[in-house]
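The structure under discussion appears below in the form of structure tokens.
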Amino acid sequence: MKIKYIIILLFTILFGFISCTENKTIAKRDLSSTPETKSDAKMESFLDSLTKIMTLDEKIGQLVLMSTDWEKTGPSINDNYKKLIEEGKVGNIFNAYTAKFTRELQQLAVENTRLGIPLLFGYDVIHGHRTIFPISLGESSSWDLKAIENGARIAATEASAEGIHWTFAPMVDISRDARWGRVSEGSGEDVYLGSEIAKARVKGFQGDDLFETNTILACAKHYAAYGAAIAGRDYNTVDMSDRELRTTYLPPFKATIDAGVATFMTSFNELDGIPASGNKYLLTDILRDEWGFEGFVVTDYTSINEMVPHGIAKDNKQAAEIAINAGVDMDMQGGVYMDYLKVLITEGKVTEKQVTTAARRILALKYKLGLFKDPYRYSDETREKELLMTPEHLEAARDMARKSSVLLKNSKQTLPISKDKKVALIGPLANDKYDIIGSWSAAGDRYTKPVTVLEGFKEKISNPDNLLFTQGCEINSENTTDFQNAINIAKKADVVVMVMGESEGMSGEAASRTNLDLPGNQKELLKAIKKTGKPIVLVLMNGRPLTLEWENENMDAILETWFPGTMGGYAIADLIFGDANPSGKLTMTFPRNVGQIPIYYNVKNTGRPYEANGPEQKYRSRYLDVPNSPLYPFGYGLSYTTFTYTDFTINKKEYTFKENINISVTVTNTGAFKGEEVVQLYIRDMVGSITRPLKELKRFEKVMLEPNESKKVTFTLTSDDLAFYTKDMSFKAEAGNFKLFVGTNSDELLETNFTLK
Ligand code: BGC
């Protein structure tokens with residue numbers, strides 16, 4: 021300590037830039053006198069002082085992020101992370117949690133490096149930390165922004181109690197290709213809904229003040245257009261027009277900036293021939309210059325190094341040069357900033373100023389989190405004991421799992437099932453703890469904590485003899501040894517509930533599929549059970565839209581529950597036995613078959629539109645073997661009750677650009693159950709300077725209605741909501757005729773029209 025202090029004093033005298041008190045603060049960790057985070061002016065002067073006394077090596081260390089050996093999603097570049105922390109070569113760590121472990125690592129940095137700059141701990145806290153919520157695609161199906169924000173808030177509370185400062189979420193990639201396994205991590209296909217959810221998640225993670233110990237930095241990922249990988253193959257090439265990039269893929273990223281997101285992560289893909297981690301257009305021209313983003317940019321896992329196999333850098337050194345010159349601040353796991361930035365500066369290919377700017381962005385966020393005040397403030401075992409998996413968190417996860425489930429079919433009111441019926445519960449996911457929490461389940465315990473559907477059913481069915489269970493088959497195998505048991509119990513029951521789908525690893529990263537049927541021999545088992553003639557409810561767990569034409573024809577009811585999380589079994593039982601009413605709506609279109617993919621609702625008309633009910637039309641934009649329409653459209657989802665829409669009105673027929681468009685519609689619960697409906701509002705711009713989609717979601721509202729209750733739902737649009745990238749790429753509305761639609765999903769809508777003058 022003494023030597024450090026002397027060194028820093030020498031620097032101080034030498035440069036005359038920094039007050040002794042501040043030096044002591046950093047060097048001796050005199051925490052009580054370290055500036056608070058609230059004042060930007062104080063922070064700026066602290067950062068000025070700090071960056072002035074930092075050596076180039078120390079600054080480079082701040083740009084390095086390395087994984088511990090706990091968990092990894094890619095190659096290990098350097099397992100020597102503890103030594104590198106002590107040497108000040110690694111300023112940030114991911115895949116470390118628990119108060120104890122993060123404290124231990126923090127100590128290595130604080131006590132061994134010259135300036136004692138604290139580490140930043142990152143982790144993939146995606147849909148919960150210990151209490152696992154439904155996967156993000158599932159949560160998006162709730163269309164409930166408050167509940168989504170609350171889910172992120174709870175995740176941040178739990179993660180921060182275990183020493184984590186930063187989550188690699190939200191993932192805001194729009195995706196229209198269900199072959200891509202990572203659709204499970206996002207909010208589906210729609211730009212408007214995706215942007216609203218992106219904001220809610222950022223607010224949830226970051227709260228109102230990053231200095232609070234229960235808030236963490238959010239990270240908008242994967243920037244950009246990762247969801248448009250050709251043929252849905254993960255990490256694959258992306259190529260699109262600038263208009264499409266800005267219309268569809270960038271708005272959710274911009275929305276996170278509007279919500280104050282602290283960090284951005286680059287994507288693995290190339291865009292127009294330039295990998296995202298070397299893409300100056302994305303990282304500097306748009307992100308910094310157009311959007312004014314002030315936080316820092318981290319790469320995805322080793323994606324700087326991947327510019328070598330991409331074929332844009334001849335070696336890692338050149339890759340590092342391209343990355344920093346494009347605007348990457350922090351290198352995740354690649355080790356190339358650590359190895360090459362110094363020599364690149366010596367060679368004049370990079371300036372020290374660039375390194376200082378990047379380091380300062382990172383240090384600023386460490387400051388805002390209060391780490392210079394107390395580097396251990398998040399690693400608190402008392403908070404850890406109090407805040408993990410509390411009854412309140414578990415209840416919120418159960419509620420979210422109910423809200424996320426989408427009722428795809430319910431003929432003859434098969435659901436809900438009366439609690440005194442004899443039920444045969446069958447399927448590989450019916451008593452599964454491991455898969456039910458889905459992929460990217462952070463520190464969620466897959467072995468003991470999750471509640472299975474069988475456990476949930478036991479709580480509901482009054483007479484235990486009325487619940488029969490067998491697994492029937494595995495998720496992805498041809499083994500039929502349990503088929504006969506399944507048939508036998510089905511024959512004894514009044515109703516059969518089959519819980520089927522994907523394993524958690526079949527969606528998520530590096531989990532693209534070309535066949536989206538139920539895997540293995542699950543459909544064969546369904547066919548065998550169908551022969552018993554018993555009513556069948558299919559409960560699905562999966563991370564993406566599946567192809568379910570046969571199931572839709574042959575099952576009596578289908579409930580899509582995604583991977584519903586820790587409390588999934590209870591939530592599913594609540595829905596199946598009528599203690600709760602499904603209200604989820606799809607945020608991704610379900611295709612009839614894989615050949616229709618990519619399929620999404622806001623398509624354009626083409627010059628040869630096909631009219632589904634018209635006479636034979638050969639030379640039309642269509643398929644010969646299936647209709648253009650999907651199996652289930654965007655926004656679709658049933659309820660145990662029914663809703664009617666009446667009195668759809670707008671206040672005028674012609675609007676100027678300055679006038680509000682006031683819209684109202686009355687929604688009535690016309691069935692016997694209390695239920696929630698997502699009222700959806702779409703527009704169509706009939707003629708534009710460029711072609712316009714047939715429908716665009718512009719607003720939605722979720723309303724709860726008692727039987728026979730009606731509510732008037734109002735929406736206001738302005739001409740800003742009608743804006744788009746026009747022929748000359750200016751973003752504005754154009755005068756002309758519009759259609760306006762309101763209804764229960766993107767296909768079943770009431771319609772009116774207006775003119776913008
Ligand atoms: C994923 C990111 C993730 C990172 C760190 C990568 O493989 O693409 O989404 O945040 O690993 O775990």
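FYI, in the working numbering the residues of the sequence shown are 21 to 777. Every residue gets a Cβ at the ideal spot worked out from N, C-alpha and C, and that includes glycine.
Distance cut-off 7 Å: residue i Cβ against heavy atoms of the ligand BGC
| i | result |
| --- | --- |
| residue 321 | yes |
| residue 330 | no |
| residue 114 | yes |
| residue 149 | no |
| residue 529 | yes |
| residue 144 | yes |
| residue 790 | Within the shown structure, residues of the chain are numbered from 21 to 777, placing residue 790 beyond reach of any answer. |
| residue 4 | The chain is shown only over 21 to 777; residue 4 falls outside these bounds and no answer can be derived. |
| residue 241 | yes |
Buried or exposed (CB count within 10 angstroms, at least 16 for buried), residue i
| i | result |
| --- | --- |
| residue 726 | exposed |
| residue 180 | buried |
| residue 696 | buried |
| residue 516 | buried |
| residue 386 | buried |
| residue 37 | With a pLDDT of 38 at residue 37, under the threshold of 50, the modelled position of this residue cannot be trusted; read the value that follows with caution. Exposed, because fewer than 16 other Cβ atoms sit within 10 Å of the Cβ of residue 37. |
| residue 90 | exposed |
| residue 87 | buried |
| residue 250 | exposed |
| residue 755 | exposed |
| residue 622 | buried |
| residue 61 | exposed |
| residue 749 | exposed |
Beta carbon of residue i nearer than 8 Å to that of residue j
| i | j | result |
| --- | --- | --- |
| residue 429 | residue 575 | yes |
| residue 527 | residue 553 | no |
| residue 652 | residue 763 | no |
| residue 495 | residue 529 | no |
| residue 198 | residue 617 | yes |
| residue 473 | residue 559 | yes |
| residue 766 | residue 668 | no |
| residue 135 | residue 64 | no |
| residue 478 | residue 597 | no |
| residue 662 | residue 691 | yes |
| residue 121 | residue 184 | no |
Whole-number beta carbon distance between residue j and residue i, since they are thought to touch under 8 Å
| i | j | result |
| --- | --- | --- |
| residue 192 | residue 175 | At roughly 16 Å, the Cβ-Cβ gap does not stay under 8 Å, so residue 192 and residue 175 are not in contact. |
| residue 715 | residue 687 | About 19 Å; that fails the 8 Å criterion. |
| residue 322 | residue 354 | 5 Å |
| residue 350 | residue 316 | 6 Å |
| residue 207 | residue 247 | Wrong, their Cβ atoms sit about 10 Å apart, outside the cutoff. |
| residue 777 | residue 676 | 6 Å |
| residue 606 | residue 657 | 6 Å |
| residue 147 | residue 156 | 5 Å |
| residue 488 | residue 512 | 6 Å |
Residues near residue i in its chain [Cβ-Cβ closer than 8 Å; skip 5 each side]
| i | result |
| --- | --- |
| residue 380 | 67, 71 |
| residue 571 | 538, 543, 546, 558, 578 |
Nonlocal neighbours in the same chain, by C-beta distance under 6 Å from residue i, ignoring five residues either side
| i | result |
| --- | --- |
| residue 240 | 192, 273, 276, 281, 284 |
| residue 252 | 197, 199, 200, 532 |
| residue 760 | 703, 772 |
| residue 226 | 235, 238 |
| residue 421 | 154, 584, 585, 587, 588, 591 |
| residue 378 | 83, 349 |
| residue 279 | 219, 222, 223 |
| residue 307 | 313 |
| residue 698 | 163, 605, 720, 722 |
| residue 778 | Residue 778 lies beyond the residue range present for the chain, which begins at 21 and ends at 777; the question has no answer from this structure. |
| residue 645 | none |
Spatial neighbours of residue i in its chain, beta-carbon cut-off 7 Å, leaving aside the 5 residues before and after
| i | result |
| --- | --- |
| residue 328 | 335, 336, 339 |
Check: residue i C-beta below 7 Å from any heavy atom of the ligand ZN
| i | result |
| --- | --- |
| residue 316 | Questions concerning the ligand ZN fall outside what the structure shown contains, since the ligands it does hold are the ligand BGC. |
Proximity test, Cβ basis, 8 Å: residue i and chain D
| i | result |
| --- | --- |
| residue 246 | Absent from the structure: chain D. Only one protein chain is present. |
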